[in-house]
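Participant:
If you want it as structure tokens, here you go:
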């Protein structure tokens, strides 16, 4: 039995759960509270969805409707079962009976409800009670007005307002602050420093990068990694050595570290997997070999684009055979487009670096640009921003 908390953020559709979920995880990170935020619903959302330009978000999002695939539910079940950190979980607004099996892995609940949806109030309350979740908060969402605390007993109750997408720096207020405090208290009731230290000690490489500590040591002026920090950060690292990378960072940072370490091993910590530390997934040259992944390529005179999507919104780490990657021209750079798990992104970067492409840049939806992570020609430096190329077919 996994004793680490898994806190469900539940409630009806269009109540602002994803916005609340995003703001909660950001507030916890600002406090240095170790946890992992997981979207246990195949709706294509994530931090990038809240931070990114709406047009870019719409172009990259793959949303599933209807019944969730059984393979997706099984994958999320395993992620929850094997969690290596406290989890904050967004399950979506309308779980079907086939998805209720996930509730056995949750320990606590935060409900964000709507007064104009009484049927959902009853339904979510029933789910929480039937599965014996410990309630942390029962809140009602309103678009306008002032957030208010109704009761501050063992279950926090009140009205939360202003949960609008893309307003990521909205004011918090006493209700939100109290909710963050209760979450932080719950998560920190476990010795998170000791847990983190044990994971770092288990790292399978001599050089271990804790990205939170690395950012603090590297700059005092930013609370998050920015592309202009990439080149000086890489220059501060020893070359030609295996790396183990722990913590939260943007896709381009993990991609750059994979390219920098190559051909030496890169190890990544995934808190959803039972073994924690993993290497990039195995890949090979060839045509698609798995129904779990869909890859398309586009090229013009400027660059090639490798577009990667997942029909069920998740990719299993353990594959029966290496994932196949298509040929791309080696006389132009490569932009990697899609929401790839970092252990796949690192594998893709190293694979195409070895083929001889002149430069590689994963698309970063928050900036609506690609970030160069590797260049063998000297044309670009790590961290250089590139616009997405236009294609005659209008696909990207």
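In our numbering, the protein residues as written are 897 to 1292.
Glycine is no exception: its CB is placed at the ideal position from the N, C-alpha and C atoms.
#1: Please state the DSSP three-state secondary structure of residue 1031.
#2: In three-state DSSP terms, what is residue 999?
#3: Note down, one range per segment and in chain order, each beta strand (DSSP E) of at least 3 residues found wholly within the region 1156 to 1187.
#4: Residue 992 by DSSP, collapsed to three states: which one?
#5: My guess is that residue 1020 and residue 907 are in contact by the Cβ rule of under 8 Å, so how many angstroms apart are they, rounded?
#6: Give the secondary structure of residue 901 by DSSP, where H, G and I count as helix, E and B as strand, and everything else as coil.
#7: Considering Cα atoms alone, identify which of 1076, 1224 and 1131 is closest to residue 922.
#8: With residue 1037 and residue 1007 assumed to form a contact (beta carbons below 8 Å), what rounded beta-carbon distance in angstroms separates them?
#9: Between residue 1203 and residue 1234, how many whole angstroms is the CB-CB distance? I'm expecting something under 8 Å.
#10: If you draw a straight line from the alpha carbon of residue 1035 to that of residue 917, how long is it in whole angstroms?
#11: Indicate the three-state DSSP secondary structure (helix, strand or coil) for residue 918 in the structure shown.
#12: If you follow the beta strand (DSSP E) that residue 1136 is in, where does it begin and where does it stop?
#13: What are the complete alpha helix (DSSP H) segments, minimum 4 residues, inside the region 1178 to 1240?
#14: Measure the Cβ-Cβ separation of residue 1029 and residue 904 and say whether it is below 9 Å.
#15: Bridge partners for residue 1044 per DSSP, in chain order?
#16: Taking the alpha carbon of residue 1322 as the point to measure from, which residue in 1267, 1266, 1284 and 1254 has its own alpha carbon closest?
#17: Can you list, in chain order, the residues of its chain whose CB lies under 7 Å from that of residue 1096, leaving out five sequence neighbours each side?
#18: Suppose you measure from the CA of residue 994 to the CA of residue 1120; what does that come to, to the nearest Å?
#19: Let me confirm a value: residue 914 is counted as buried when at least 16 other C-beta atoms fall within 10 Å, else exposed. Which label applies?
#20: Inspect the beta-carbon positions of residue 1101 and residue 1139 and report whether they are closer than 9 Å.
#21: With a cut-off of 8 Å on the beta carbons, I'd call residue 1260 and residue 1146 a contact; round off their distance for me.
#22: So, helix, strand or coil for residue 1147, using DSSP?
#23: In three-state terms, what does DSSP make of residue 1123?
Facilitator: On the basis of the coordinates in this document:
#1: Correct three-state label for residue 1031: strand.
#2: Residue state, collapsed to three classes: helix.
#3: Qualifying beta strand (DSSP E) stretches, in chain order: 1162 to 1165 and 1179 to 1181.
#4: For residue 992, the three-state secondary structure derived from DSSP is coil.
#5: So it is a contact: roughly 6 Å between Cβ atoms.
#6: Note: residue 901 maps to coil in three-state DSSP.
#7: By alpha-carbon distance to residue 922, the top candidate from 1076, 1224 and 1131 is 1076.
#8: With 8 Å as the limit, residue 1037 and residue 1007 do not qualify as a contact, their Cβ atoms being about 10 Å apart.
#9: Between the beta-carbon of residue 1203 and that of residue 1234 there is about 6 Å, and that keeps the pair under the 8 Å contact cut.
#10: C-alpha separation (whole angstroms): 13 Å.
#11: Three-state DSSP puts residue 918 in a helix.
#12: Unbroken run through residue 1136: none, as it is neither H nor E.
#13: Counting only runs of 4 or more, we get nothing.
#14: In this structure, residue 1029 lies near residue 904, with their beta-carbon atoms less than 9 Å apart.
#15: Paired residues: 1055.
#16: Here the chain has residues from 897 to 1292 only, and residue 1322 is not among them.
#17: Around residue 1096: 1104, 1106 and 1142.
#18: Within the model, the alpha-carbon separation for residue 994 versus residue 1120 is close to 38 Å.
#19: Buried, because 16 or more other Cβ atoms sit within 10 Å of the Cβ of residue 914.
#20: Contact flag set, yes.
#21: In this structure residue 1260 is in contact with residue 1146, their Cβ atoms being roughly 6 Å apart against a cut-off of 8 Å.
#22: Note: residue 1147 maps to helix in three-state DSSP.
#23: Helix at residue 1123.
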